[in-house]
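Student:
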Amino acid sequence: MSNILLIGYGAIGQYVYKALDDCTHSRVSAILCRPGRQNEVHRVMGEPLVCIDKPAEMAESIDLVVECAGHAAMSQHLPALLALGKDVISVSSGALADADLEQRLLQAARSGGCQLKLLSGAIGSLDALSAASVGGLHAVTYRGRKPPAGWRGSAAEQQIDLDALASSALFFEGTAREAALAYPKNANVAASVALAGIGLDNTRVELIADPDITANRHEVEASGSFGRLQFAIEGNALPGNPRSSALTAMSIVREIERRNSPVSIG
Numbered sequence: 017m018s019n020i021l022l023i024g025y026g027a028i029g030q031y032v033y034k035a036l037d038d039c040t041h042s043r044v045s046a047i048l049c050r051p052g053r054q055n056e057v058h059r060v061m062g063e064p065l066v067c068i069d070k071p072a073e074m075a076e077s078i079d080l081v082v083e084c085a086g087h088a089a090m091s092q093h094l095p096a097l098l099a100l101g102k103d104v105i106s107v108s109s110g111a112l113a114d115a116d117l118e119q120r121l122l123q124a125a126r127s128g129g130c131q132l133k134l135l136s137g138a139i140g141s142l143d144a145l146s147a148a149s150v151g152g153l154h155a156v157t158y159r160g161r162k163p164p165a166g167w168r169g170s171a172a173e174q175q176i177d178l179d180a181l182a183s184s185a186l187f188f189e190g191t192a193r194e195a196a197l198a199y200p201k202n203a204n205v206a207a208s209v210a211l212a213g214i215g216l217d218n219t220r221v222e223l224i225a226d227p228d229i230t231a232n233r234h235e236v237e238a239s240g241s242f243g244r245l246q247f248a249i250e251g252n253a254l255p256g257n258p259r260s261s262a263l264t265a266m267s268i269v270r271e272i273e274r275r276n277s278p279v280s281i282g
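Residues 17 to 282 in the working numbering are what the sequence shown spells out, letter by letter.
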């Protein structure tokens, strides 16, 4: 049985925990939380769990770390865990827009002899994009379109009036690095597309609020020596959190399953 340390107990963390309830090869054996938050963890997860506030406390008994708490948690905890030799699965790819943090993570993974696996999360087609990058990519554009509620609590509120939108509004154009830094809770998909393709500074990003849609829509366009690629997906949010993609949570469970399967694809 593989023991998992879960960092993050929001909508995504709760989905992962429940999805592994009947799993025969992996289990969430501990959750990282701030001091004094144990009762909150027990309340949202539905049963008592081992709660720790210092990852090193359980390093010897942990086989895998799953991070779904955001950029700040990634910066605070993952370098030390990687340096201890713990493989990490993360959905916070946008954190690597911080060049200093990227170097810390790379150095920690090398010194620990382990791997930080950045998941595709809410987007698909990254396997094709990554393969295409081998032969050379000429251009990659990511376009993220969400209902106004999906942008609440972000810098979009300073750009447009989300409550008064009568039609779609483009409120950001720039690089994937700029998008990830400005919208840390919303632009992880943009960063994932960039990291799979031509990098954070060469990938173009457009972010749009659209009152006429109910699901988050992600679009990728790419061209290169391989030919041309166009991909679009409309993903539902997790119940209770319009900013969290259901597919993101599912991608974590799928990766845990893949690590324990005798046959793997993708």
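Quick reminder that beta carbons are idealized off the backbone N, C-alpha and C, glycines included.
Since we're looking at a predicted model, the values are computed, not measured.
#1: By the DSSP assignment, the alpha helix (DSSP H) with residue 31 in it spans what residues?
#2: For residue 207, does the count of other Cβ atoms within 10 angstroms reach 16, so buried, or fall short, so exposed?
#3: Rank 107, 221 and 83 by C-alpha distance to the C-alpha of residue 97 and give the top, closest one.
#4: Which same chain residues, not among the five before or five after residue 276, have their C-beta less than 8 Å away from its C-beta?
#5: Per DSSP, residue 234 forms a beta bridge with which residues?
#6: For residue 220, which option in 45, 278, 211 and 227 has the closest C-alpha, if you only look at C-alpha atoms?
#7: Within 10 angstroms of its Cβ, does residue 70 collect 16 or more other Cβ (buried), or is it exposed?
#8: Can you tell me the Cβ-Cβ gap for residue 248 and residue 233, rounded? I've got them flagged as a contact below 8 Å.
#9: Looking at C-alpha atoms only, which residue of 37, 74, 165 and 110 is the closest neighbour of residue 61?
#10: What are the start and end residues of each continuous alpha helix (DSSP H) run of 4 or more residues lying completely inside the region 174 to 233, in chain order?
#11: Measure the alpha-carbon distance for residue 108 versus residue 56 and round it to whole angstroms.
#12: According to DSSP, is residue 139 part of a helix, a strand, or is it coil?
#13: Is it buried or exposed, residue 44, if we count other Cβ atoms within 10 angstroms and call 16 or more buried?
#14: When the Cα atoms are used, what is the spatial distance from residue 230 to residue 194?
#15: How big is the Cα-Cα spacing for residue 368 and residue 99?
#16: Would you identify the three-state DSSP class for residue 82, choosing helix, strand or coil?
#17: What's the C-alpha gap between residue 241 and residue 145?
#18: Can you look up residue 48 in the DSSP assignment and give me helix, strand or coil?
#19: Determine which residues share a DSSP beta bridge with residue 257 and list them.
#20: How would you write the range of the alpha helix (DSSP H) that residue 20 sits in, first residue to last?
#21: Spatial neighbours of residue 117 within its chain, please: CB distance less than 7 Å, with the 5 preceding and 5 following residues excluded, ordered by chain position.
#22: Examine the Cβ distances between the region 256 to 272 and the region 133 to 152 and report whether three or more of them are shorter than 8 Å.
#23: How would you call residue 280, buried or exposed, if buried means at least 16 neighbouring beta carbons within 10 angstroms?
Tutor: Taking the definition as stated:
#1: To locate residue 31, count along the sequence shown from 1; it is residue 15. Residues 27 to 35.
#2: Position 191 of the sequence shown holds residue 207. Label assigned to residue 207: buried.
#3: Looking up residue 97 in the sequence shown gives position 81. Comparing Cα-Cα distances from residue 97 to each of 107, 221 and 83, the minimum goes to 83.
#4: Against the sequence shown, residue 276 aligns to sequence position 260. Its chain contains 18, 41 and 42 as the residues whose beta carbon lies nearer than 8 Å to that of residue 276, once the 5 sequence neighbours on both sides are disregarded; these appear in chain order.
#5: In the sequence shown, residue 234 corresponds to position 218, counting from 1. DSSP output for residue 234 lists 160 and 249 as bridge partner(s).
#6: Locating residue 220 in the sequence shown gives position 204, counting from the first residue. Closest option to residue 220, Cα to Cα, is 211.
#7: As a first step, residue 70 must be located in the sequence shown, where it is residue number 54. Here residue 70 is exposed. Its C-beta has fewer than 16 other C-beta atoms within 10 Å.
#8: As a first step, residue 248 is located in the sequence shown; it is residue number 232 there, counting from the start. As a first step, residue 233 is located in the sequence shown; it is residue number 217 there, counting from the start. In this structure residue 248 touches residue 233 by the C-beta definition: roughly 7 Å separates them, less than 8 Å.
#9: Locating residue 61 in the sequence shown gives position 45, where the first residue counts as 1. Comparing C-alpha distances from residue 61 to each of 37, 74, 165 and 110 shows the shortest one belongs to 37.
#10: You should have 192 to 198 and 204 to 212.
#11: Locating residue 108 in the sequence shown gives position 92, where the first residue counts as 1. Locating residue 56 in the sequence shown gives position 40, where the first residue counts as 1. Going from the Cα of residue 108 to the Cα of residue 56 covers about 23 Å.
#12: Working through the sequence shown from its first residue, we reach residue 139 at position 123. Here residue 139 sits in coil by DSSP.
#13: As a first step, residue 44 must be located in the sequence shown, where it is residue number 28. The residue is buried, with at least 16 neighbouring Cβ atoms inside 10 Å.
#14: Translated into positions along the sequence shown, residue 230 becomes position 214. Translated into positions along the sequence shown, residue 194 becomes position 178. For residue 230 and residue 194, the distance between alpha carbons rounds to 26 Å.
#15: Nothing can be reported for residue 368, as the shown portion of the chain is limited to 17 through 282.
#16: Reading the sequence shown from its first residue, position 66 is the one you call residue 82. Three-state DSSP puts residue 82 in a strand.
#17: What you label residue 241 is simply residue 225 of the sequence shown in a count that begins at 1. What you label residue 145 is simply residue 129 of the sequence shown in a count that begins at 1. Taking the CA atoms as reference points, residue 241 sits about 12 Å from residue 145.
#18: Working through the sequence shown from its first residue, we reach residue 48 at position 32. DSSP places residue 48 in strand when its eight states are reduced to three.
#19: Along the sequence shown, read from residue 1 onward, the residue named residue 257 stands at position 241. Under DSSP, residue 257 takes part in a beta bridge, and its partners are 254.
#20: As a first step, residue 20 is located in the sequence shown; it is residue number 4 there, counting from the start. Unbroken run through residue 20 is the beta strand (DSSP E), 18 to 23; no alpha helix (DSSP H).
#21: Taking the sequence shown and counting its residues from 1, one reaches residue 117 at position 101. For residue 117, where only same-chain residues beyond five positions count, the Cβ hits under 7 Å are 91 and 111.
#22: Cβ pair count under 8 Å is three or more, so yes.
#23: Taking the sequence shown and counting its residues from 1, one reaches residue 280 at position 264. In this structure residue 280 is exposed. Its beta-carbon is surrounded by fewer than 16 other beta-carbon atoms within 10 angstroms.
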